[in-house]
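Reviewing the structure listed below.
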Amino acid sequence: MKRHLKLIFIAFFLLATHLSFGQKDPVVKKIIEIGKTDNQCMDHLDILSNRFGGRLIGSNAYDNSAEWAASKFKEWGMEVIMDEVGSLPVGFNRGPWFGRMLGGDNLHLHFATPSYTSGTKGVQKGHVVLEPKTQRQFDRMKGKLKGAWVLIGGENKGWPIDYSQKAEERRAEIIAENAKIEKKNDSIRRINWRNRHGEQVELIPMKEEPALFYQQMVDAGILGIIQSAKLPIAAMYDRKNLMDMTFETLPEIPDIKLNEHQYKIIAQMAKERQRFELEFDIRNHFRMGPVKYHSVIGVIKGSKYPNEYVIMGGHLDAFDIATGGVDNGSGVTPAMEAARLIMKAGGKPKRTILVCLWAGEEFGLLGSKHWIKTNQDKLDKIANMFNRDSGPTATTSLSVTEAMWDDMEKICEPLSSINPDIPFTLKKRQATKRPKTPWGTDSGPFAVAGVPTMEFGKTDHFGYDFSYREIWHTERDLYNMSIAEYQEHSSIVTAVVVYGIANLKHLLSREGYYIEEKDKKEMSKK
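According to mature numbering (1 follows the signal peptide of the UniProt record, and there is no 0), the stretch in the sequence shown is residues -22 to -1, 1 to 504, in order.
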């Protein structure tokens, strides 16, 4: 009998020891099983990117995406919070756009327009002129401006030309300066003519400003402005004028960003005064405002510590020149799928998991800033805020502090069983200064508030040559740029780690995550 009891004790001890070395919750095993056999991450991305498309706040596509995401959370058995972040004075929907050159080589034109800028009034066709640089040039050609497409200087950075009152005042100053330079250059030309067989004096360069005579050209009846754009073409939104827009004061002419190679051809033809025309059909449409926009927050309620939290997610909005398949469909959909896996596996986490699909990140971290402002009471009870906003590569590492190490080692132990060809590594994290201003993604405001923002390290493990810069805010931000096996793998990793942190017996330690003021003072004394 004693021997029998001894064997039972040894077996129990070995089992307890085995359990202590890793996260052995059967829910975790189920998460991995479902994630490998029935992963729906790319299905979510297909709907967001290809059914709704670019999800700019203020657009019907964004509203539809938010409603759809909320419906999926409810379908999976989660609670939903539609967190109203703010409103825009007008909304914007992008339709198709086409353009061609008539004459010369009859080019099909490759271009884009920033959001919240004007479309054409149906199909519009006109001749091409180079923009005037001085008042004298403008006066000489103002009769030719009516019905013309104007090639302007500068290089597209994604933003439209600023037509605000402040911008017009700056232009007026430059026009006055250029008038003075022009007079000096007249004198130089006379000197050079008299000394035409001798050394020539260089002309003084004019002050450069794209669309220097913007409002005067609009008043003269131009069809639109065209600026050179490097490939892939970037197009963002009218950040300078949007909040002052009303339905009665919308932009008047298209702001076209044209493939730089085609721009050069057309500019040369215009300089040679060749006869040709450009034809555009640009369907940029506006909505009556105010247009409200919301962050979508899915809630998996904690069973034991409902007022302690783990956050995962990314921003739901995306620029509409493409479909947001990467920025940030590749961040939103693994978080959504992680939530589905947890719910499908029967997960009952001790802490509340918040799946936050943020609104208006591209307009200045609007959703995350609003949540921080309205949830101050929750900030010291957040174990970590996981934010994904850097592309569709595989989650392969996590940097954790010494105080977190034992907990995270156990939580991450099952990750090696997901795909042995994509190993996962824990790394030691050194304390960093708590930032005073947020960095450029939704984890930034949380870091400023002192919340840990561990982010998964990601790699293009199999060498698919992914380049985030290629798609960032450009026409190539499409569904097919996301990498399915990385996305699916990342959703499983996220689910396992977030569920594990939510299921700890204690709130994950923040010790040594940030260097606090008192720590800095102590270090300076030493």
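The beta-carbon is built from N, C-alpha and C at its ideal position, and this holds for glycine as well.
Small disclaimer: the values here were computed from a predicted structure and weren't measured.
Check, Outcome
"Exposed unless 16 or more other CB atoms sit within 10 angstroms - verdict on GLU286", "buried"
"Start-to-end residues for the alpha helix (DSSP H) that takes in ILE169", "143 to 172"
"Three-state secondary structure (DSSP) of ALA90", "strand"
"Contact belief for ARG265 with GLY69 at Cβ below 8 Å, rounded distance in angstroms", "3 Å"
"Three-state class that DSSP yields for VAL5 in the structure shown", "helix"
"Chain-order list of residues whose beta-carbon lies under 6 Å from that of HIS348 (same chain, five-residue window excluded)", "VAL63"
"Exposed unless 16 or more other CB atoms sit within 10 angstroms - verdict on VAL179", "exposed"
"Same chain, Cβ closer than 7 Å to GLU186, neighbours up to 5 away in sequence not counted", "GLY131"
"Completely contained beta strand (DSSP E) runs for the stretch 269 to 322, where each covers 3 or more residues", "283 to 293"
"Own chain, CB closer than 6 Å to ASN219, minus 5 neighbours either side, in chain order", "SER142"
"Per DSSP, cross-strand counterpart(s) of THR403", "SER375"
"Nonlocal neighbours in the same chain, by C-beta distance under 7 Å from MET56, ignoring five residues either side", "GLY276, VAL277, ILE278, ALA317 and MET321"
"Cross-strand partners of HIS263 (DSSP beta bridge)", "ASN71"
"Per-residue burial, GLU489 [other beta carbons within 10 Å of its own, 16 or more giving buried]", "exposed"
"Delimiting residues of the beta strand (DSSP E) encompassing SER206", "202 to 207"
"Minimum C-alpha distance to TRP46 - residue among LEU23, TYR283 and ASN156", "LEU23"
"Whole-Å CB distance - ALA337 paired with SER468, under 8 Å assumed", "The pair is not a contact, with the Cβ atoms about 22 Å apart (cut-off 8 Å)."
"Simplified DSSP assignment, three categories, for GLY121", "helix"
"Bounding residues of the alpha helix (DSSP H) (the contiguous stretch that carries MET247)", "238 to 249"
"Residue span of the alpha helix (DSSP H) that contains residue 506, given as start and end", "Outside the displayed span of the chain (-22 to 504) sits residue 506, for which this structure offers no information."
"Beta-carbon proximity of TRP75 to ASP259, cut-off 8 Å", "yes"
"Distance CB(GLU257)-CB(LEU80) smaller than 8 Å", "yes"
"First through last residue of the alpha helix (DSSP H) which encompasses PHE424", "421 to 426"
"Residues sharing a beta bridge with LYS103, DSSP", "GLU257"
"Identity of the residues DSSP links to GLY64 by a beta bridge", "TYR271"
"Residue environment, LEU209, which counts as buried when at least 16 other CB atoms sit within 10 Å", "exposed"
"Distance between ASP420 and VAL429 (C-alpha atoms, nearest Å)", "12 Å"
"Given THR98 as reference, the closest of ALA154, LEU87 and GLY77 once Cα atoms are compared", "GLY77"
"Burial state of ARG447 (16 or more Cβ within 10 Å)", "exposed"
"CB of ALA313 within 8 Å of CB of GLY280, strictly", "no"
"Proximal residues to MET247 (C-beta, below 7 Å), its chain only, five neighbours per side dropped", "GLY82 and PHE254"
"Classification of GLN354 by the beta-carbon crowding that lies within 10 angstroms, buried from 16 upward", "exposed"
"Rounded C-alpha distance that separates PRO110 from ILE200", "13 Å"
"Same chain, Cβ closer than 8 Å to LYS242, five either side skipped, listed in chain order", "SER206"
"Rounded straight-line distance, which links the Cα of MET60 to that of GLY36", "16 Å"
"Three-state class that DSSP yields for LYS185 in the structure shown", "coil"
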